[in-house]
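Each residue of the sequence shown is one higher than the one before, counting from 219 in our numbering. Beta carbons are placed, not taken as given, at the ideal position from N, Cα and C, and that holds for glycine. In this text the structure is predicted, and so the values were computed from the model without any measurement.
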Amino acid sequence: MDAVRAMLLVLVVLLHSLMAGVSRDALGAPVLANAMEGWPGFAALTWLAQIMPLFFVLGGFAAYTQFSRERDRGRTATEYIAGRLRRLLLPTAAAVAAAAVFLATLVVCGVPAEVVATAGFHIGQPLWFLAVYLGCSALVPFMMRWHETHPHLTIAVLAAGVIGVDIVGVSTGAAAFGLINMAFVWLLLQQLGFALADGSFDGLSGRVRAMIVAGAIALLATGMLAGFFSVNLLEALNPPQGALVLVGIAQTMIFLSVRGRLRDWAERPRVAAAVAWMNLRAMTIYSWHMLVVIALAGALLLLPVDLPVPLTPDWWLARPLWFAVVGAAVWAVVRVAGVVELRRDAGWPAVGTGRAVGAVVCGVAGVVLALLGGSNPSAWVVAAALTTAAITAVRPGAPSRGDSGGVRSRVPLAHGAYRAS
């Protein structure tokens, strides 16, 4: 599980690096844009690059095993939520603060406002994942309770919600209505992770798994041909669509089919060492990598060289070198910034329900502000303050008042569960 999540994280960094298009216009003014917007082959690439559904399935697996273990030790739901919030936000808050300083520095140095706005927008783009992941993590104790008591009904209700929102959103053209699927789509994929963790899928034969994959792809293709889904699977993210669920189902079945081979590969000493290094710093890598990409793209404009226009043959030939530079820079930054994540508290904060809920709301608000208002440097300053406040609210030893809603029932660990980082 850790090895696959590390692989997916590498793919995210590579994809965002590929999107970074930096050049100069006819007058020599800097241009920073999404290089993939004008490439006809990008839609086909998204069939391989859309790995967020599997991220949430594996996240559900990790949450199930972790909460089961902590609940078995007597931890409450509130303690789990507060601990998860703190561990996810510690590296993120540092990255948000660094982005605020970076953008403010650009303004002071006289960089054109439109370039600063574009840089802030792109740095904030990956934060949608964190905002949704924080929400899903906060609901883990409650969604697990429903999974344990009514697993099939829970999945059916979430699936019905996804379908209903898609139908209304597509038929009316109301994109805002489709945002309701921020809950239904990602919680449904998380539930699939619960089922993966408790062994619900272990009895499926290879033939059945292959049939499920074929069926999911067939439904996906039919929806695209009918104009219900976009051929570009990245467009299915905003607002989230049922296409992501179909992709997640197919990816989960494929994962089950190759799990044995992946385990053998992941147990190789060098691979295991690399995976362990990445998983200990996973949120740091995710939170910081776009800032590194944008900073490197801006640095290219300072070099006295001609920059190839994105999507030209010269630009494509330069991509391997660009990937290598980005990879080395991300590694160097994470070695330093990752200290924050490595020093995260080993224990679980004993805080009250009210404080935990307030911290979740504050943390999500900070991340969403950086995401939606990222083109404004001031938004990053406020976002840094909100995320820091959320972390402080759930620090170990924080005063606890009126803790309620704890879940103390004991259950055995999930069948076939792996260590969850």
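One alpha carbon belongs to I381, the other to I435, and they sit about 17 Å apart.
In the structure shown, the three-state DSSP call for S475 is helix. Taking the CA atoms as reference points, L352 sits about 36 Å from P248. Considering only A337, V350 and A577, the residue with the shortest C-alpha distance to G278 is V350. Under a 10 Å Cβ-count criterion, F360 is classified as exposed, with fewer than 16 other Cβ atoms of the shown protein chains found around its own Cβ. Residue nearest to S505 within the set A224, G246 and A317 is A317 (criterion: CA-CA distance). For G239, the enclosing beta strand (DSSP E) stretches over residues A238 to R242. Going by C-alpha positions, R304 is about 10 Å away from T605. Under the three-state reduction of DSSP, L455 is assigned to strand. With 16 or more other CB atoms across the displayed protein chains lying within 10 angstroms of its CB, G516 is buried.
For the pair of segments examined, the stretch 437 to 450 was found not to touch the stretch 477 to 484: the number of CB pairs separated by less than 8 Å stays below three.
Comparing alpha carbon positions, the residue from G556, A356 and V431 closest to R573 is A356. The closest CA to that of L405, considering only A378, E288 and A337, is found on A378.
Per the C-alpha coordinates, the member of A281, M270, F412 and L307 positioned closest to Q459 is M270.
Contiguous alpha helix (DSSP H) elements confined to the stretch 345 to 384 occur at 345 to 356 and 358 to 367, taking only those with 4 or more residues. Here DSSP, grouped into helix, strand and coil, assigns A392 to coil. Between F412 and L376, the C-beta spacing is not below 8 Å. Measuring C-alpha to C-alpha distances from A238 to each of V557, G584 and V510 identifies V510 as the nearest. In this structure, V612 lies near V569, with their beta-carbon atoms less than 8 Å apart. The beta carbons of A555 and A312 sit about 6 Å from each other, so the pair counts as a contact at 8 Å. In this structure, the beta-carbon distance from V222 to L276 falls below 8 Å.
Inter-residue distance for F273 and L236 is about 20 Å (C-alpha atoms, whole angstroms).
With a contact defined as Cβ atoms closer than 8 Å, V465 and L451 qualify at about 7 Å. Taking the C-beta atoms as reference points, I467 is found no nearer than 8 Å to I503.
Closest in C-alpha terms to M362, from the list W257, G592 and R287, comes R287.
Around the beta carbon of G342, 16 or more other beta carbons sit within 10 angstroms, so the residue counts as buried. Looking at the DSSP output, L250 sits in a beta bridge with V240. In this structure, E559 lies away from M508, with their beta-carbon atoms at least 8 Å apart.
Boundaries of the alpha helix (DSSP H) harbouring L589: T571 to L590, taken from the DSSP string. Judged by DSSP secondary structure, I503 falls within the alpha helix (DSSP H) whose first and last residues are A500 to L520. Apart from the 5 residues on each side of it in sequence, H365 sits with its Cβ closer than 7 Å to the Cβ of T372, Q409 and F412 in its chain, given in chain order.
In the three-state reduction of the DSSP assignment, S235 falls in the helix class, which pools H, G and I.
In this structure, the CA atom of V582 is about 28 Å from the CA atom of Q469. With fewer than 16 neighbouring CB atoms inside 10 Å of its own CB, G246 falls in the exposed class. Here the alpha carbon of V228 sits roughly 21 Å from the alpha carbon of M471. By the Cβ-count criterion, S593 is buried, with 16 or more other Cβ atoms from all chains shown falling within 10 Å of its own Cβ.
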